[in-house]
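Before any comments, here is the structure.
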Amino acid sequence: MAAALLATPAAAADLAHGALVFKTCAACHNDRPGALGPDLKGVVGRPAASAPGFRYSAPMARSGVVWTEDALRSFLKAPQSLVKGNRMPFAGLDRPEDVDDVIAYLKSGGAGG
Numbered sequence: 027m028a029a030a031l032l033a034t035p036a037a038a039a040d041l042a043h044g045a046l047v048f049k050t051c052a053a054c055h056n057d058r059p060g061a062l063g064p065d066l067k068g069v070v071g072r073p074a075a076s077a078p079g080f081r082y083s084a085p086m087a088r089s090g091v092v093w094t095e096d097a098l099r100s101f102l103k104a105p106q107s108l109v110k111g112n113r114m115p116f117a118g119l120d121r122p123e124d125v126d127d128v129i130a131y132l133k134s135g136g137a138g139g
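Residue numbers (the numbering used here): 27 to 139.
Next up, the structure:
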């Protein structure tokens with residue numbers, strides 16, 4: 027019973043805030059032709075470097091990462107720490123609540139537009 031009272035990051039996440047933070051990501055990660063990054067719609071649970079139509083860096087392609095919540099949390103905090111040599115020119119999100127909210131937003135299907 028006590029375990030049911032513990033909030034998980036996803037349960038405590040703020041989707042509206044996640045959508046706002048995701049606007050930073052959407053500058054590159056969108057569904058328009060020629061986008062700098064792959065579309066992130068459906069990314070949660072997907073293997074890294076598997077979105078069709080995007081040319082991934084060699085480090086990302088051979089990373090073996092599956093975009094679980096934990097992998098996304100690590101990557102969003104410090105992209106170069108999880109996949110060294112990837113091409114994403116982003117230092118990461120500093121605030122844990124930003125990371126949790128973006129992950130919740132991605133899980134909700136709100137990304138990619």
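Idealized CB from N, CA, C, for every residue including glycine.
Output the distance between the C-alpha atoms of residue 76 and residue 53, rounded to the nearest integer angstrom.
Taking the sequence shown and counting its residues from 1, the one referred to as residue 76 is at position 50. Taking the sequence shown and counting its residues from 1, the one referred to as residue 53 is at position 27. Distance between the alpha carbons of residue 76 and residue 53 is about 20 Å.
Supposed close pair residue 129, residue 98 - CB separation, criterion 8 Å:
As a working note, residue 129 is residue 103 in the sequence shown. As a working note, residue 98 is residue 72 in the sequence shown. About 5 Å separates the two Cβ atoms, so the contact holds.
Take residue 93 and list the residues in its own chain whose beta-carbon comes closer than 7 Å to its own, dropping the five residues that flank it on each side.
The residue labelled residue 93 in the question sits at position 67 within the sequence shown. Once the five neighbours on either side are set aside, the close Cβ partners of residue 93 are 69, 70, 71, 72 and 74.
By how many angstroms is the C-alpha of residue 39 removed from the C-alpha of residue 88?
Indexing the sequence shown from 1 puts residue 88 at position 62. Indexing the sequence shown from 1 puts residue 39 at position 13. Approximately 31 Å between the Cα atoms of the pair.
Note the first and the last residue of the continuous alpha helix (DSSP H) segment covering residue 131.
Taking the sequence shown and counting its residues from 1, the one referred to as residue 131 is at position 105. Residue 131 -> alpha helix (DSSP H) spans 122-133.
Exposed or buried, which one is residue 120 when buried takes at least 16 other CB atoms within 10 Å?
Residue 120 sits at position 94 when you count from the first residue of the sequence shown. The residue is exposed, with fewer than 16 neighbouring Cβ atoms inside 10 Å.
Is DSSP giving residue 39 helix, strand or coil here?
What you label residue 39 is simply residue 13 of the sequence shown in a count that begins at 1. Here residue 39 sits in coil by DSSP.
Residue 104 to residue 45, Cα distance in whole Å?
Along the sequence shown, one-based indexing puts residue 104 at 78. Along the sequence shown, one-based indexing puts residue 45 at 19. Between residue 104 and residue 45, the C-alpha separation is close to 20 Å.
Could you tell me which residues DSSP puts in a beta bridge with residue 63?
Here residue 63 refers to the residue found at position 37 of the sequence shown. 55.
I need the boundaries of the alpha helix (DSSP H) containing residue 108, first residue and last residue.
Locating residue 108 in the sequence shown gives position 82, where the first residue counts as 1. First-last of the alpha helix (DSSP H) with residue 108: 105-108.
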